[in-house]
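S.K.:
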Amino acid sequence: MSLQSRVVVLGGGIAGCASALALAGRGVNVTLLEASNRLGGRFNSIKISGLNRQIDSTQNVIFRTYSRFLQLLATCEVRDVVKLQDSTMLPFLEVGEGRISTIHSGKLPPPNHLTTAFLNASFLGLVDKMAMQKAVKAIQSTTEEQRRELDDLTFLQWLEDNGQSKRAIARFWNPIIRLALNINSAQASAASAIFLFNKAFFSQVDTFDVGCFTTDFTQAVSSALRRTLAAAGVEVHLSTSATSLFRESGKVTGVNTIDGFHAASTVIICTPITATARLLTGSTASLASHDVAERLAKLGNTSQIGIHAFHEGPVLPDGTPFVICCDEPLIQMLFDRSGELDDGERGGLPGHWISSPVSYADPYIDWADELIRNEYKRVIETAFPQSPALIDFRVVRINRATTALMAGSQRLRPNPLDAGEGVILGGDWINIDWPSTLEASTRSGLTAAATYLELNGVRDFTGWHHDDSWLDWPNSPNRGDKDWRVWK
Ligand SMILES: Cc1cc2nc3c(=O)[nH]c(=O)nc-3n(C[C@H](O)[C@H](O)[C@H](O)COP(=O)(O)OP(=O)(O)OC[C@H]3O[C@@H](n4cnc5c(N)ncnc54)[C@H](O)[C@@H]3O)c2cc1C
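First residue of the sequence shown: 2, per the numbering used here; consecutive thereafter.
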């Protein structure tokens with residue numbers, strides 16, 4: 002790498018920050034341009050009128066399988082902002098009965114580590130459970146080639162073809178897919194869904210361990226990223242929107258912004274799909290660049306709603322940090338957000354906080370707050386008749402929250418070098434199989450960084466794959482790792 006070379010990374014979300022940090026760690030000169038006035042990207046904490054502090058727009062769910070994202074947190078020295086279960090525990094609530102069945106990991110090796118708990122669970126019948134065992138086996142035995150061929154099929158079709166009952170689909174498969182892909186099984190790509198269950202959830206005994214944030218996300222992550230990027234020597238420009246790419250002789254050699262021009266030996270693009278598609282088009286852009294823009298435009302997004310309810314006291318039974326609500330399309334999950342927060346973080350809230358994230362919220366995005374509140378109250382009063390009174394209720398709507406991995410979406414996701422022109426692509430939408438999550442964004446940003454390093458002859462990164470640990474960063478946590486906090 003020549004001393005004059007400077008990589009310009011566009012977008013200061015998790016992907017852009019991960020990429021910039023990884024490159025700076027290898028001695029690359031990096032400039033990071035971010036359109037907004039903070040780092041961290043599209044998941045953020047917001048100020049709501051009448052509340053005395055900012056809160057996350059909706060619940061942020063992570064898993065132990067988010068190994069690259071957890072490595073990023075460790076690199077920023079903010080391991081304490083998350084807590085992770087030290088044994089998988091997924092409580093399912095039958096709202097009508099107020100009954101909770103908890104799926105927890107047992108002694109059998111994966112993929113059967115959850116089997117005993119499933120067999121004892123009341124929210125599914127024996128026939129559902131026997132069929133589910135077969136589906137887990139079918140998922141496990143699907144080769145990578147076969148999986149990729151399933152991209153045009155919806156996951157619902159795959160589940161039906163594999164003998165899954167309506168109840169198992171409604172109460173287990175769909176809630177997990179909706180949470181992870183932000184889309185229903187009826188639309189989701191079977192290839193993406195099978196990837197998720199196979200790789201992320203059933204592959205190892207601890208991958209399904211759920212995690213939460215102990216403070217608000219922006220406070221926790223944004224300032225830590227800023228600090229760590231500065232220490233690594235990355236030049237960060239906030240409130241600096243890239244307006245177009247500058248091209249000379251078929252190669253991108255700079256970026257125009259609202260504040261002027263930034264020369265670049267390489268540009269890494271980690272902006273959301275709409276902004277990226279805009280940057281990749283224009284009269285001087287190449288055919289390859291236009292082609293990527295078109296594919297991204299076809300990918301599309303789905304929305305989320307964050308429901309924030311404040312009660313006079315705790316609502317969920319002691320020892321139950323969250324529940325997945327069976328057969329409830331709107332009130333899908335309930336998290337005891339007050340219980341997740343550190344003691345010093347609960348100030349400024351009007352009461353005990355229950356956070357209820359609505360994944361794939363597109364059908365409900367126009368519902369009035371009152372209607373959503375009525376649904377929430379119905380669920381709470383049915384399942385927990387003795388629950389403390391509701392004091393305050395807020396609804397946050399987030400359009401275009403995540404990339405939609407519909408059937409047929411796999412072929413639309415570009416590889417890092419697909420746009421040509423010397424540009425490297427690195428947002429959470431690149432072709433790495435992972436759904437649009439904090440983990441996908443970290444892996445994408447690192448993939449872009451590794452692509453640059455490999456192209457520039459750095460041997461350590463020849464053939465680097467995002468399943469590999471990022472060599473320069475602390476390890477991601479195993480169960481029992483004393484440096485990380487446990488979510489009880
Ligand atoms: C409401 C919501 C809930 C979510 N819940 C979860 C969850 O529970 N668990 C989970 O793992 N994931 C969740 N996600 C998904 C996760 O947050 C995203 O996948 C991830 O943050 C995407 O990171 P990114 O860096 O690829 O993109 P982004 O976060 O979108 O970052 C891109 C950055 O580029 C900037 N930008 C845009 N245009 C320009 C320009 N022209 N020039 C310069 N900069 C520009 C933007 O301001 C932004 O900061 C959620 C997302 C949302 C919105």
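Ideal Cβ placement from N, Cα and C applies to all residues, glycine included.
Note that this is a predicted model, so its numbers are computed, not measured.
Could you tell me which residues DSSP pairs with G340 in its beta bridges?
M.R.: Answer is none; G340 lacks a bridge partner.
S.K.: Between the Cα of F495 and the Cα atoms of G464, H105 and P110, which residue gives the shortest distance?
M.R.: Residue 495 is absent from the structure shown; the chain starts at 2 and stops at 489.
S.K.: Who are F385's beta bridge partners in DSSP?
M.R.: DSSP output for F385 lists no bridge partner at all.
S.K.: Whether or not the segment 174–184 and the segment 102–117 are in contact is what I'm after, with contact meaning three or more pairs of Cβ atoms, one per stretch, closer than 8 angstroms; do they touch?
M.R.: The segment 102–117, when compared against the segment 174–184, does not touch it at the 8 angstroms Cβ threshold.
S.K.: Can you tell me where the alpha helix (DSSP H) holding W485 begins and where it ends?
M.R.: From DSSP, W485 is part of no alpha helix (DSSP H); its letter is neither H nor E.
S.K.: Between which residues of its own chain and T321 is the CB-CB distance below 7 angstroms, once the five residues before and five after are set aside?
M.R.: Here the set comprises P92 and I101.
S.K.: Does the distance between the C-beta of A420 and the nearest non-hydrogen atom of ligand 1 fall short of 7 angstroms?
M.R.: The answer is no for A420.
S.K.: Along the beta strand (DSSP E) that carries E95, what are the first and last residues, could you check?
M.R.: Where E95 is concerned, the enclosing beta strand (DSSP E) stretches over M90 to E95.
S.K.: Excluding sequence positions up to five away, which residues of its chain have a Cβ less than 6 angstroms from the Cβ of T117?
M.R.: Hits under 6 angstroms: G107.
S.K.: Any heavy atom of ligand 1 closer than 7 angstroms to the beta-carbon of D363?
M.R.: Not under cutoff, so the answer is no.
S.K.: So if DSSP puts P358 in a beta bridge, which residue, or which two residues, is it bridged to?
M.R.: Per DSSP, G307.
S.K.: How would you write the range of the beta strand (DSSP E) that I269 sits in, first residue to last?
M.R.: It spans T267 to I270 - the beta strand (DSSP E) in which I269 sits, taken as one unbroken run.
S.K.: Taking 8 angstroms as the CB-CB cut-off, is T144 touching chain B?
M.R.: Absent from the structure is chain B; it holds one protein chain and no more.
S.K.: Is it right to say M133 is buried, meaning 16 or more other beta carbons lie within 10 angstroms of its own, or is it exposed?
M.R.: M133 comes out buried.
S.K.: Answer yes if the segment 66–81 comes into contact with the segment 298–310, meaning at least three C-beta pairs across the two stretches below 8 angstroms, and no otherwise.
M.R.: The answer is no - the segment 66–81 does not touch the segment 298–310, with fewer than three Cβ pairs under 8 angstroms.
S.K.: Is the beta carbon of A201 less than 8 angstroms from the beta carbon of L151?
M.R.: Their beta carbons are not under 8 angstroms apart, which means A201 does not touch L151 by this criterion.
S.K.: Among residues of its own chain, excluding the 5 on either side of V60, which ones have a beta-carbon nearer than 6 angstroms to its beta-carbon?
M.R.: One detail in the question is off: residue 60 reads as Gln in this sequence, not Val. Counting only Cβ-Cβ distances below 6 angstroms, and skipping sequence neighbours, we find F336, S356 and P358.
S.K.: In this structure, does DSSP put P478 in helix, strand or coil?
M.R.: Coil, per DSSP.
S.K.: Tell me the rounded alpha-carbon separation between P351 and N53.
M.R.: In a straight line, the C-alpha of P351 is about 8 angstroms away from that of N53.
S.K.: Over what stretch of residues does the beta strand (DSSP E) that includes E146 continue unbroken?
M.R.: No beta strand (DSSP E) contains E146, which is instead part of the alpha helix (DSSP H) from E145 to E150.
S.K.: Return helix, strand or coil for G28, following the three-state DSSP convention.
M.R.: The answer is coil: DSSP assigns G28 none of H, G, I, E or B.
S.K.: Return yes when the Cβ of G212 is within less than 8 angstroms of the Cβ of V324, no when it is not.
M.R.: The answer is no: Cβ separation not under 8 angstroms.
S.K.: Between S470 and I425, what straight-line distance do the alpha-carbon atoms span, to the nearest angstrom?
M.R.: Roughly 21 angstroms separates the two Cα atoms.
S.K.: Taking 8 angstroms as the cut-off, decide whether the C-beta atoms of L182 and A194 are in contact.
M.R.: Yes, the Cβ-Cβ distance between L182 and A194 is below 8 angstroms.
S.K.: Suppose only complete runs of 3+ residues qualify. What are the beta strand (DSSP E) ranges in the segment 98–127, listed by chain order?
M.R.: Segments of the beta strand (DSSP E) lying fully in the segment 98–127: 100–105.
S.K.: Verify the contact flag: D429, CB atom, against every heavy atom of ligand 1, threshold strictly below 7 angstroms.
M.R.: Yes - ligand 1 has a heavy atom lying nearer than 7 angstroms to the Cβ of D429.
S.K.: If you follow the beta strand (DSSP E) that N199 is in, where does it begin and where does it stop?
M.R.: It is not in any beta strand (DSSP E) - N199 carries neither H nor E in the DSSP assignment.
S.K.: Use the C-beta contact count for G446: other C-beta atoms within 10 angstroms, 16 or more gives buried, fewer gives exposed.
M.R.: When all chains shown are included, G446 counts as buried.
S.K.: Compute the distance between the beta-carbons of I96 and V380, then report whether it is under 8 angstroms.
M.R.: Looking at the sequence itself, residue 96 is Val, so the reference to Ile does not match. Yes, Cβ-Cβ distance for V96 and V380 is below 8 angstroms.
S.K.: Does ligand 1 have even one heavy atom less than 7 angstroms from the beta-carbon of F1?
M.R.: For the chain, the structure presents residues 2 to 489; residue 1 sits outside this window and is missing.
S.K.: Taking the Cβ atom as the reference point for each residue, do S20 and I269 lie within a distance shorter than 8 angstroms?
M.R.: Going by C-beta atoms, S20 is nearer than 8 angstroms to I269.
S.K.: With a threshold of 7 angstroms on Cβ separation, who are the neighbours of T403 within its own chain once the five nearest residues in sequence on each side are excluded?
M.R.: N183, N302, T303 and S437, listed in sequence order.
S.K.: When we look at the beta-carbon of G42 and count the other beta-carbons within 10 Å, is it buried (16 or more) or exposed?
M.R.: Label assigned to G42: buried.
S.K.: Could you pull out every residue in the same chain whose Cβ sits closer than 8 angstroms to the Cβ of N400, ignoring the five residues on either side in sequence?
M.R.: N302, S304 and I366, listed in sequence order.
S.K.: How should R227 be labelled, buried or exposed, when 16 other C-beta atoms within 10 angstroms of its C-beta is the threshold for buried?
M.R.: The residue in question, R227, is buried, as its Cβ has 16 or more Cβ neighbours within 10 Å.
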